[in-house]
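My numbering puts the first residue of the sequence shown at 4, with every later residue one more than the last. The C-beta atom is built at its ideal place from N, Cα and C for all residues, glycine as well. Bear in mind the structure is a predicted one, so any value in this text is a computation, not a measurement.
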Amino acid sequence: MTDTSLLFTPVRLGDVTLKNRIALAPMTRNRSPGGIPTDLNALYYAQRASAGLLITEGTTPDAGGRGYIDIPGLYDAAQVAGWKKVADAVHAKGGRIFAQVMHTGRISHPDFLDGGTPVAPSAIAAAGTIITREGPKPLPVPRALDAAEIPAIIATYGRAARLAVEAGLDGVEIHGANGYLPSQFLATNANQRTDEWGGSVENRARFLLGAVAAAAEAIGPGRVGLRVNPGGTFNDVADTDGAATLTHIATALSGKGLAYLHLVGGAYDYDAAGIARRHFDGPLMLNGGYDAARAEADLAAKRADVISFGVPFLANPDLPERLRLGVALNAPDPSTFYGGDSRGYTDYPALPAAAE
Numbered sequence: 004m005t006d007t008s009l010l011f012t013p014v015r016l017g018d019v020t021l022k023n024r025i026a027l028a029p030m031t032r033n034r035s036p037g038g039i040p041t042d043l044n045a046l047y048y049a050q051r052a053s054a055g056l057l058i059t060e061g062t063t064p065d066a067g068g069r070g071y072i073d074i075p076g077l078y079d080a081a082q083v084a085g086w087k088k089v090a091d092a093v094h095a096k097g098g099r100i101f102a103q104v105m106h107t108g109r110i111s112h113p114d115f116l117d118g119g120t121p122v123a124p125s126a127i128a129a130a131g132t133i134i135t136r137e138g139p140k141p142l143p144v145p146r147a148l149d150a151a152e153i154p155a156i157i158a159t160y161g162r163a164a165r166l167a168v169e170a171g172l173d174g175v176e177i178h179g180a181n182g183y184l185p186s187q188f189l190a191t192n193a194n195q196r197t198d199e200w201g202g203s204v205e206n207r208a209r210f211l212l213g214a215v216a217a218a219a220e221a222i223g224p225g226r227v228g229l230r231v232n233p234g235g236t237f238n239d240v241a242d243t244d245g246a247a248t249l250t251h252i253a254t255a256l257s258g259k260g261l262a263y264l265h266l267v268g269g270a271y272d273y274d275a276a277g278i279a280r281r282h283f284d285g286p287l288m289l290n291g292g293y294d295a296a297r298a299e300a301d302l303a304a305k306r307a308d309v310i311s312f313g314v315p316f317l318a319n320p321d322l323p324e325r326l327r328l329g330v331a332l333n334a335p336d337p338s339t340f341y342g343g344d345s346r347g348y349t350d351y352p353a354l355p356a357a358a359e
């Protein structure tokens, strides 16, 4: 490819201008002990700052949203100080970075919540297990949220957005996909409520749209993105009509001035990108199994404005340069994806070292 390829042209997402149309997709790496980003995390993101946009791993907006081992947070001063290290390191390399805000809801365990019970729209456990420090444990039956509690949880998304910007990050992405709390509200199998938070698509989407609105009010809509995958089944969610859900979300957010809408990659039984394009007037980011040629084709066809890359970026800190030159990619080591030290995290070689 050449520097004039669409993939390497600048693009504006809301208030933020990117130097290219390549994004680092959010990927949980379980390397922030105590929920506080470290110097090692800062190095990891700085190594990948040649992307137009970096989207961080899922970051909980509240202690009650914790799930998984050593995922970061954005709700206290120590976490803000840690994220400031990350932001400064990325900006020193000319990059831009959004924090993905992720409340895990029922995909958690009392081990992560000081003995408390995970919360969800309804008291329905997700199938499967979760890895704790003591090994795999069954996902518990969550506590159904009281209607009166829900606005305060929505407000944590606004607080997290404000703290992200306070830390020097460029914005936030609301995680509305993959079976976490906003996705649990959307899912017809996980949300059996009969009040204003359940039933119709308008009611089931109320939590997600509220979280986006809270973040937008806190830092301005041009610094807020949203990631969704209506109809996806990860973490045991199901939606009887994903196309209708995406249509409602995209329509509701059109005209709001958001930075972007990000569709998770995967097999949809409907044209998710087409629906998003028709009903959402802002920038669209697509994800899932892309190489340079397919990314260029979808940009040229105006199916997307930005393409996010996940696993290839994990093993290739200089992925944009490798895509531009058409050279071989480093192979990732799945055994180091989750947790650990610098191995499989910050030790993948960039091109000059790889060529030696």
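Within 8 Å, strictly: CB atoms of residue i and residue j
{"i": "L261", "j": "L302", "result": "no"}
{"i": "E299", "j": "L9", "result": "yes"}
{"i": "A54", "j": "I25", "result": "yes"}
{"i": "N232", "j": "L266", "result": "yes"}
{"i": "W86", "j": "L184", "result": "no"}
{"i": "E199", "j": "R207", "result": "no"}
{"i": "I39", "j": "P75", "result": "yes"}
{"i": "P124", "j": "D73", "result": "no"}
{"i": "L112", "j": "P143", "result": "It is His, not Leu, that sits at residue 112 in the sequence shown. Cβ distance < 8 Å, so H112 and P143 count as in contact."}
{"i": "A129", "j": "R146", "result": "no"}
{"i": "Y71", "j": "Y348", "result": "no"}
{"i": "A193", "j": "I127", "result": "yes"}
{"i": "P64", "j": "V104", "result": "yes"}
Sequence-distant residues of the same chain with beta carbon closer than 7 Å to residue i, five excluded per side
{"i": "A353", "result": "P320, D321"}
{"i": "L116", "result": "G67, R69"}
{"i": "A217", "result": "I157, A158, Y160, G161"}
{"i": "G269", "result": "N232, G235, G291"}
{"i": "R15", "result": "none"}
{"i": "V122", "result": "G67, G108, P145, R146, L148"}
{"i": "G258", "result": "D284"}
{"i": "G201", "result": "P124, N194, Q195, R207"}
{"i": "Y293", "result": "I310, F312"}
Rounded separation between residue i and residue j - CA only
{"i": "Q195", "j": "P154", "result": "19 Å"}
{"i": "T135", "j": "L317", "result": "23 Å"}
{"i": "Q82", "j": "L21", "result": "26 Å"}
{"i": "A170", "j": "V89", "result": "9 Å"}
{"i": "S203", "j": "T107", "result": "23 Å"}
{"i": "A276", "j": "A253", "result": "11 Å"}
{"i": "A304", "j": "R280", "result": "12 Å"}
{"i": "A357", "j": "N23", "result": "Model confidence at A357 stands at a pLDDT of 47, short of 50, so the residue's coordinates are unreliable; what they give is reported in the following sentence. Those two C-alpha atoms are separated by around 24 Å."}
{"i": "I278", "j": "Y271", "result": "12 Å"}
{"i": "V240", "j": "D149", "result": "21 Å"}
{"i": "P355", "j": "A95", "result": "20 Å"}
{"i": "V309", "j": "T59", "result": "16 Å"}
{"i": "D18", "j": "A334", "result": "35 Å"}
{"i": "D336", "j": "A246", "result": "35 Å"}
{"i": "G313", "j": "V227", "result": "20 Å"}
{"i": "T41", "j": "A84", "result": "9 Å"}
{"i": "A102", "j": "G179", "result": "13 Å"}
{"i": "T339", "j": "R346", "result": "7 Å"}
{"i": "E359", "j": "I177", "result": "Low confidence applies here, because E359 scores a pLDDT of 41, under 50, leaving its location unreliable; read the following figure in that light. One C-alpha to the other measures close to 41 Å."}
{"i": "D350", "j": "D344", "result": "10 Å"}
{"i": "R114", "j": "E137", "result": "Looking at the sequence itself, residue 114 is Asp, so the reference to Arg does not match. Taking the straight line from one Cα to the other gives about 9 Å."}
{"i": "E152", "j": "A80", "result": "24 Å"}
{"i": "L287", "j": "Q187", "result": "23 Å"}
Inter-residue CB distance, residue i and residue j (contact presumed, cutoff 8 Å)
{"i": "G235", "j": "N181", "result": "7 Å"}
{"i": "N33", "j": "G342", "result": "4 Å"}
{"i": "V175", "j": "A164", "result": "5 Å"}
{"i": "A167", "j": "L77", "result": "6 Å"}
{"i": "P29", "j": "G61", "result": "6 Å"}
{"i": "T248", "j": "L189", "result": "6 Å"}
{"i": "T243", "j": "T191", "result": "5 Å"}
{"i": "S311", "j": "L43", "result": "With a Cβ gap of about 23 Å, S311 and L43 do not count as contacting."}
{"i": "L57", "j": "G119", "result": "Wrong, their Cβ atoms sit about 32 Å apart, outside the cutoff."}
{"i": "F11", "j": "R306", "result": "About 18 Å separates the two Cβ atoms, so there is no contact after all."}
Cut-off 6 Å between Cβ atoms - residues of its own chain near residue i, not counting five sequence neighbours on either side
{"i": "A92", "result": "A45, A49"}
{"i": "A221", "result": "G161, A164, R165"}
{"i": "H251", "result": "V204, A208"}
8 Å Cβ shell around residue i - same chain, five flanking residues per side excluded
{"i": "L256", "result": "L212, V215, L229, L264, F283, G285"}
{"i": "L332", "result": "P315, A318, N319, L322, R325"}
{"i": "T31", "result": "E60, G61, Y71, I74, Y341"}
Subject >> Runs of alpha helix (DSSP H) lying entirely within the stretch 211–236, each at least 4 residues, in chain order >> reply: none
**OP:** Would you list, in sequence order, the uninterrupted alpha helix (DSSP H) runs of no fewer than 4 residues that lie entirely inside the stretch 139–174?
**Re:** 153–169
**OP:** Would you list, in sequence order, the uninterrupted beta strand (DSSP E) runs of no fewer than 3 residues that lie entirely inside the stretch 86–145?
**Re:** 100–104, 132–135, 138–141
Subject >> Ordered list of beta strand (DSSP E) runs contained in the stretch 262–342, each at least 3 residues >> reply: 263–266, 287–290, 309–312
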